[in-house]
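So for the sequence shown, the UniProt record's numbering puts the first residue at 1; every next one is plus one. All C-beta atoms, glycine included, are put in the ideal place defined by N, C-alpha and C. To start, the structure itself, in structure tokens.
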Amino acid sequence: MVERRKLPWGLLLSLFVLLMVTAYYLSGLAKLEGVTLENWQNQFVYILLHPLQNWWNDLTFTFLGIALIVWIGIVTYLMDYYRNRQMGVEYGSEQWADLKQIQRNLMNKDQTKNTLLSKNVAVDNGKLSNMNLLILGGSGSYKSTSLVIPNILLASMTNVVLDIKGELLRKTGNYLKEKHIAVKVLNLINPEESDRWNPFVYIRDEVGLVKLITNLQESVKPPDAMKGEPFWDQAVSLYLMSLFSYEWLRQEREKKEHPEQYQA
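Laid out in structure tokens, this is it:
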């Protein structure tokens, strides 16, 4: 069980003021003549009866410093006494989270800078080590509706969405366009409905060309495919290499002959 205690800061601040005022008036004894151990109390009463008189002297800083040290000692003791203690939790503990505390510690007041986790819980993007989320749930358990779609509709960052059924595009595409967000779709099933992507833009030399062809071959190869005669894989690689090299070299030549067409 967690035993929670709150430090009485209001009382401590009042004690701080009281100690400092008392130290100031005690230092005023140095301004009076004839103060002894027998009559200092009477002299101190006289000072208290004349609070508006200037009692500042060379010993005032010393008295105030002593009062400050005493106050710090009291605060240190109380911080140890009032600290949260966990009794009988050697094997762990649990408790319901406090919603207001979570919102105060994790949320950003600007909702567009948060990642939504539920209706009432969101996490400031700046407090996340990365933007990876693992969502577990069966079919029809509202994974997309309750978590994915609300975060897309924030329209606060660039998102790369793997949308197998096209459901997310249908539900959020028009809204994002209204927010002046560019929506690009790479549809490999119906290419006529797809935006285009030109990999040659990123190729600078023949090494990049070989990497592109290798990635294409690896991406379409089933992970559990049995290794057969390497001749056929090499034949496909050489065939793609010839086609891609021809197109890339032709494009490079046109860039040199008509550079104005490639300035955009």
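- By the neighbour-count criterion, in which 16 or more other beta carbons inside 10 Å mark a residue as buried, Thr115 falls on the buried side.
- According to the DSSP assignment, Ala122 belongs to the beta strand (DSSP E) that extends over Ala122 to Asp124.
- Exposed is the label assigned to Leu188, since fewer than 16 other Cβ atoms lie within 10 Å of its Cβ.
- By the Cβ test, the stretch 27-44 is in contact with the stretch 57-74, since at least three Cβ pairs between them sit closer than 8 Å.
- For Asn105, the enclosing alpha helix (DSSP H) has its first and last residue at Leu99 to Leu106.
- Ile69 and Glu38 have their alpha carbons spaced roughly 27 Å apart.
- Beta-bridge annotation (DSSP): Thr115 is paired with Val123.
- Scanning Ala23, Asp163 and Gly34 for the CA closest to the CA of Leu48 turns up Ala23.
- For Asp224, the secondary structure class from DSSP, reduced to helix, strand or coil, is coil.
- In this structure Leu209 touches Ser245 by the C-beta definition: roughly 6 Å separates them, less than 8 Å.
- Secondary structure within the stretch 185-236: the alpha helix (DSSP H) runs of 4 or more consecutive residues, fully enclosed, are 206-219 (chain order).
- DSSP places Ile181 in the coil class of the three-state scheme, outside both helix and strand.
- Cβ-Cβ separation between Val75 and Leu11: approximately 11 Å, too far for a contact (criterion under 8 Å).
- The beta-carbon distance between Lys113 and Asp124, rounded to whole angstroms, is 6 Å. This is short enough to meet the 8 Å contact definition.
- 8 Å or more divides the Cβ of Val185 from the Cβ of Lys177.
- Beyond the five residues adjoining it in sequence on each side, Gln251 comes within less than 7 Å, by CB distance, of Phe200 in the same chain, given in chain order.
- In this structure, Leu64 sits away from Leu7, with a CB-CB distance that is not shorter than 8 Å.
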